[in-house]
Every structure is written in C-alpha cells, then in structure tokens.
Amino acid sequence: MHDEPRQKLRELIVQYGRSLCDDPRRCEALLKDYCGQYKRAIFVLVSALKNRVAEDLIKTSAGVPLALVMGRLIQRLEDELGLAESAARWAVESWALALGMPVVPAEQPRPAPEPPRVKPV
Numbered sequence: 011m012h013d014e015p016r017q018k019l020r021e022l023i024v025q026y027g028r029s030l031c032d033d034p035r036r037c038e039a040l041l042k043d044y045c046g047q048y049k050r051a052i053f054v055l056v057s058a059l060k061n062r063v064a065e066d067l068i069k070t071s072a073g074v075p076l077a078l079v080m081g082r083l084i085q086r087l088e089d090e091l092g093l094a095e096s097a098a099r100w101a102v103e104s105w106a107l108a109l110g111m112p113v114v115p116a117e118q119p120r121p122a123p124e125p126p127r128v129k130p131v
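For the sequence shown, this note's numbering assigns the number 11 to the initial residue and increments by one for each residue that follows.
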C-alpha cells in the first residue's frame, strides 16, 4: 500500500494528539480530506482503528515485546475483518509508526540456498 496515508496519519496524530484514536469518524474524515484518493488505505486504517488496534498498541505493557503484540493484532485483523496478511500488517505497522513506536519491517523471504557444487573427478 501507499506511504502517503501512513505519513498523513502520523502527521494527524502529532497535530491532534492520541485522542484522535478515540474517534474513528473524525480520523476517517481527516484522512479523506488530506489523502482521499487512497480509499483502500483509508478503509484499512479506519477499520483497524475501529478494531481497537491503536488502543491495544497504546496499552502495550513495557515487558511485552512489541513484535508479539503486533503479530497478535495482525492475526486479529485477518480473522475478524478478513484482511489479507499484507493489508493487516500494513495497517498495524502504520498505526504503530503513527503512535511513535519503533517498527521493525517484516523479514523478507530468503532465497533458497544453491545446491552444493560437485567437482568432476
């Protein structure tokens, strides 16, 4: 998905504060005002907000690894909203970034190792 809605979300949280996380309708309206051409991304971000992703990220305990919480939230969006894994991951990472949390990008699949080369005898 596109980075512009993600960046706008971060700017909106900085400008309006975390209270924006308590008002999905207002958040959606602001995102539509600033980057309305990204309808799918806005839908995914607002759906994640309605599904308490931001709330759960904010309430994350210091002792619980963020990656573990994010994995659980991604799975929840897949299960409850029927989002593809990539869309769910993008939404959770976007909210974490918007809230100023460190996000480690998902590992890219590693290429298969080459078979060993045998020298002719």
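From the three backbone atoms N, C-alpha and C, an ideal C-beta is built for every residue, glycine too.
All figures in this text were calculated on a predicted structure; none of them were measured in a lab.
### Query
Would arginine 50 be called buried (16 or more neighbouring beta carbons within 10 Å of its own) or exposed?
Per the 10 Å Cβ criterion, exposed.
### Task
Hey, could you find the ends of the alpha helix (DSSP H) serine 57 is sitting in?
Unbroken alpha helix (DSSP H) run through serine 57: 49-60.
### Same chain, Cβ closer than 7 Å to isoleucine 23, neighbours up to 5 away in sequence not counted
Answer for isoleucine 23: Leu30, Ala108, Leu109, listed in chain order.
#### Entry: Where the alpha helix (DSSP H) through proline 34 begins and ends
Residues 34-45.
### Query
Do isoleucine 84 and alanine 98 have their C-beta atoms closer together than 7 Å?
Yes, the Cβ-Cβ distance between isoleucine 84 and alanine 98 is below 7 Å.
### Message
Rounded to whole angstroms, what is the Cα-Cα separation between glycine 92 and aspartate 33?
### Response
Answer to the nearest angstrom: the Cα atoms are 23 Å apart.
### Message
Am I right that cysteine 37 and valine 56 are in contact with their C-beta atoms under 8 Å? What's the rounded C-beta distance?
### Response
So it is a contact: roughly 6 Å between Cβ atoms.
#### Entry: Cβ distance (whole Å) where valine 79 is taken to contact aspartate 66 below 8 Å
Between valine 79 and aspartate 66 the beta-carbon gap is near 7 Å, inside 8 Å, which marks them as a contact.
### Message
Whole angstroms are fine: how far does the CA of threonine 70 sit from the CA of tyrosine 26?
### Response
Each residue's alpha carbon lies about 21 Å from the other.
### Three-state secondary structure (DSSP) of glutamate 117
Reliability of the predicted coordinates at glutamate 117 is poor, the pLDDT of 49 falling under 50, and no value is obtained from them.
### Message
Within 10 Å of its beta-carbon, does valine 74 have 16 or more other beta-carbons around it, so buried, or fewer, so exposed?
### Response
Valine 74 is exposed by the Cβ-count criterion.
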